[in-house]
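Chains as they are written, first to last, in our numbering: chain F, 1 to 111; chain W, 1 to 119.
Since the structure comes first, as C-alpha cells, the remarks are kept for the end.
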Amino acid sequence: GDSVTQMEGPVTLSEEAFLTINCTYTATGYPSLFWYVQYPGEGLQLLLKATKADDKGSNKGFEATYRKETTSFHLEKGSVQVSDSAVYFCALRASGSRLTFGEGTQLTVNP
Amino acid sequence: NAGVTQTPKFRVLKTGQSMTLLCAQDMNHEYMYWYRQDPGMGLRLIHYSVGEGTTAKGEVPDGYNVSRLKKQNFLLGLESAAPSQTSVYFCASRPAGSGATKRSYNEQFFGPGTRLTVL
C-alpha cells in the first residue's frame, strides 16, 4: 500500500540555520505530494504541494521538489525563523481523495 | 466564514462511555474526513464521506461510527470508548473536483482538533 516516511525528529535549529526535512514515499501510479504544517494548538495547514515529477512547490520560503527517480519530496528552507517552530507532515495522494501522512517531524527554532 | 469547526475541544471519558464529536464546515464542501493523530504515527484516516448521506471506512475504522445527514456536518461516534481511543481527532473537508479540474488537487481544510482522553 501507499506509505510516507519522514526523517525522525525532533529537529532543533538556531535562527537563520538551513533546514532540511527528508521525506520518501511508496505509491502506485503518479501520486501528488504535499507538506502540511501544524502550529501549536492548531489544525494542519497546507504548506506546499507538487502534482507531477520535477515540480517544485514553494511557500513562505519553504521549497520541495518532486523527485520521482528517488521517490522523495524533501522540505527545505534557507533561513529558519522562530515562528517556523511547528510539526511538519509529508503526505501523498495516489488516487481518489484520501491522503496518506508521514509520522510528522517536530521542528524547534531557537533565537 | 468560520471554516471547519469541531466540538468539543477537549473531553475526558471513562471506559465504556459513549460520545459524539461534531464537525461543521461552512464552505459547501462535498468531502469530509475524520482523522486521529497519535505520537509518532502521523494522521490516520478513520472514516470519510464523499457527499451527504454517504460514508466510507478509512484506515482505522474499528470502534467508530459516522453519519453525514447534512452536507455541512460530519459526526464521529464512539459507542463504547476504550483507552486505545485516547487521541487528538481532526476533521477536514475539501471541495470535489470536476471536469478539467479533476486532476487538480483540492486542498483539505482542517479543523482545530478535539483532544480526547479515555480513562
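Virtual Cβ for every residue (Gly too), placed ideally from N, Cα, C.
(request) Have a look at W:Q37, W:T86, W:G53 and flag the residue whose alpha-carbon is nearest the alpha-carbon of W:F110. (result) For the residues W:Q37, W:T86, W:G53, the minimum Cα distance to W:F110 belongs to W:Q37.
(request) Identify every residue that forms a DSSP beta bridge with W:F74. (result) W:C23
(message) Please tell me whether F:E76 has its Cβ less than 7 Å away from any Cβ of chain A.
(response) Note that chain A does not occur in the displayed structure, where the protein chains are F and W.
(message) Relative to the C-alpha of F:V37, which candidate in F:A94, F:K60, F:R98, F:D2 has its C-alpha closest?
(response) Among F:A94, F:K60, F:R98, F:D2, the Cα nearest to that of F:V37 is on F:K60.
(request) For the beta strand (DSSP E) holding F:D84, just list the boundary residues, first then last. (result) It is not in any beta strand (DSSP E) - F:D84 carries neither H nor E in the DSSP assignment.
(message) Mapping the DSSP letters down to three states, classify W:Q37 as helix, strand or coil.
(response) strand
(message) What are the residues in the stretch 38 to 69 of chain F lying within 8 Å of chain W by C-beta distance?
(response) For the stretch 38 to 69 of chain F, the residues whose beta carbon sits under 8 Å from a beta carbon of chain W are, in order, G41, E42, G43, L44, Q45, L46, K49, T51.
(request) Could you work out which residue in W:L116, W:A2, W:D26 is closest to W:A81 when comparing CA atoms only? (result) Ranked by Cα distance from W:A81, the options W:L116, W:A2, W:D26 are led by W:L116.
(message) Would F:E15 and F:V109 be called neighbours here (beta carbons separated by less than 7 Å)?
(response) yes
(message) Could you compute how far the alpha carbon of W:L43 sits from the alpha carbon of F:Y39?
(response) 15 Å
(request) Kindly list, in the order they appear in chain F, the residues whose Cβ is closer than 7 Å to that of W:M41. (result) Ordered by position in chain F, the residues that pass the 7 Å Cβ test against W:M41 are E103.
(message) Does any residue of chain F have a CB that is nearer than 7 Å to the CB of W:K102?
(response) Residue confidence is low: W:K102 scores 46 on pLDDT, short of 50, so the model does not pin down where it sits. Its coordinate-derived value is still stated next. With a threshold of 7 Å between beta carbons, W:K102 makes no contact with chain F.
(request) Count the other C-beta atoms from every protein chain shown that fall within 10 angstroms of the C-beta of W:P39, then say buried if there are 16 or more, exposed otherwise. (result) exposed
(message) Only counting the same chain, and skipping five residues up and downstream in sequence, which positions put a Cβ closer than 6 Å to that of W:F10?
(response) Close CB contacts of W:F10 within its chain, under the 6 Å cut and outside five residues either way in sequence, are with R115 (chain order).
(message) Need the endpoints of the beta strand (DSSP E) that F:F18 sits in, please.
(response) Neither: F:F18 is in no beta strand (DSSP E) and is coded neither H nor E.
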